[in-house]
Structures are given as structure tokens and as C-alpha cells.
Amino acid sequence: MRFRFCGDLDCPDWVLAEINILARLTSVKMKLLVTQVIKGLLEEGIDFEKIEKLTADAKYDIGDIKASVAGLEFIISSSAKHEVDGETLSNELQQLGLPKEHSTALCKTYESKSDALQQELLSKSFRKTASLQDVDWKVNPILPGQKERTVDVRLMVGTIQQYVFKPNLVTSIILLP
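Per our numbering, residue 826 is the first one in the sequence shown, and the count goes up by one each step.
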């Protein structure tokens, strides 16, 4: 099946596995966990001690905690990226096996922060936000003692709306013989 929150593609198998792990939580703890994950996506910082306490009675080990956070990050960021509304996301998560109470808790929190999430993702997206003004590149000569050639690429990036980017981004690429 194809899911809107996955960009109209099939849901990755690893996310299906995480949904089974998330189903062991109560819906209240699910909402609190989603809140922490959204804080992390908005770069407000995740409180991992709080997450450990939330997941303690579900008997999560450290691997389950990391997997749950990764699964929620994927679901939430992908939903925001593809501009999925809460009702659609809730229905799709229920189709994947997440209990209705859990998907409702996730989607209410997601909907309240979806605009902020979309703005944050947009600010991190080179393709959507950057105004590429100029590209400059050069192949560096091989100096004594060097075995490989490098290419320096300089991207002159402007600003759009309130986003400010560093004007000179230089990336070196190693050319193999």
C-alpha cells in the first residue's frame, strides 16, 4: 500500500517494526514521547532522561527507546514534509497497526506543531529555500605528497524570507584516478 506520509510510497519495514514497539506504550505516554520528539525536530532539545522514565513501565531497553524515537522522527518529519493533515495521518497509522488512541494522541500533537515543523524543515532544505545565485568550482593541482586531486565547489546562496544562509559554502570533492 501507498501512504501519503511516506510520499505516496510504501511504508519502510523498519517503521512497521517500530509501530509494534510504540503500541506497548499508553496513549498518554505516547503523547508525551511525541512531544519530546517534536522538540528535538524543532531543535529545542530532547530530554532523554524523561523519555527513559516514560518508557520504563513498557519495559523498553535502550535499543527500543532509540528505535521508537527514530520511528517517530520519521513519521512526524515525513508527514510534515509531505504536508499530511492529522486525520489522514491518523487513518494511515491505524492501517499500519497503531492503536486508535495512540494515533489520535500522536496526530493531535503533530497538528498543533505542523506549521512550525514545516517551517523548520523548509529552513533546512537546500532545494526549497535557498536562492542559488552562483556556482564556482576549481580543480586543485596535485601537490607533492598528495595522491588525489580535489575539487572545490563554492555555492553562492542568497536569502529567502526570514532564512539566512552562509554566503560562501565550500565543499571539497576528492577525485579518484
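Glycine included, each C-beta is placed from N, C-alpha and C at the ideal position. Model, not experiment: these values are computed from the prediction.
Cβ-Cβ distance between Asp904 and Ser915 below 7 Å: Within the sequence shown, the letter at position 79 stands for residue 904. Within the sequence shown, the letter at position 90 stands for residue 915. Before going on, a small fix: residue 904 reads as Ser here, not Asp. Taking 7 Å as the Cβ cut-off, Ser904 and Ser915 do not qualify as a contacting pair.
Contact belief for Leu923 with Ile844 at Cβ below 8 Å, rounded distance in angstroms: Working through the sequence shown from its first residue, we reach residue 923 at position 98. Working through the sequence shown from its first residue, we reach residue 844 at position 19. At roughly 5 Å, the Cβ-Cβ gap stays under 8 Å, so Leu923 and Ile844 are in contact.
Collapsed DSSP secondary structure at Leu879 in the structure displayed: Mapped onto the sequence shown, residue 879 falls at position 54. Leu879: helix per DSSP, three-state reduction.
Buried or exposed (CB count within 10 angstroms, at least 16 for buried), Gln861: Along the sequence shown, read from residue 1 onward, the residue named residue 861 stands at position 36. It counts as buried.
Delimiting residues of the alpha helix (DSSP H) encompassing Leu857: Looking up residue 857 in the sequence shown gives position 32. Residues 852-866.
Where Asp910 falls: helix, strand or coil (DSSP): Within the sequence shown, the letter at position 85 stands for residue 910. Residue state, collapsed to three classes: coil.
Residue from Glu868, Val840, Glu898 with nearest C-alpha to Val859: Position 34 of the sequence shown, counted from the first residue, corresponds to residue 859. Nearest of Glu868, Val840, Glu898 to Val859, Cα basis: Glu898.
Test item: CB-CB of Gly832 and His907 under 7 Å: Numbered from 1 along the sequence shown, position 7 holds the residue referred to as residue 832. Numbered from 1 along the sequence shown, position 82 holds the residue referred to as residue 907. Judged by their CB atoms, Gly832 and His907 are nearer to each other than the 7 Å cut-off.
Neighbourhood of Gly870 by C-beta, 7 Å cutoff - its chain only, sequence neighbours within 5 removed: To locate residue 870, count along the sequence shown from 1; it is residue 45. So the list reads Lys864, once near-sequence residues are dropped.
Cβ contact check for the stretch 879-893 and the stretch 931-940: 3 or more pairs under 8 Å: No, the stretch 879-893 does not touch the stretch 931-940.
Straight-line Cα distance separating Ile901 from Leu867: Numbered from its first residue, the sequence shown carries residue 867 at position 42. Numbered from its first residue, the sequence shown carries residue 901 at position 76. Straight-line Cα distance between these residues: approximately 11 Å.
The ligand FMN heavy atom lying under 6 Å from the CB of Phe828: Although the ligand FMN was asked about, the structure shown includes no ligands whatsoever.
Cβ neighbour criterion (16 or more within 10 Å) applied to Asn993: What you label residue 993 is simply residue 168 of the sequence shown in a count that begins at 1. Only weak support is given to the placement of Asn993: the predicted model assigns it a pLDDT of 44, under 50, and the value that follows is read from those uncertain coordinates. Looking at its Cβ environment, which holds fewer than 16 other Cβ atoms inside 10 Å, Asn993 is exposed.
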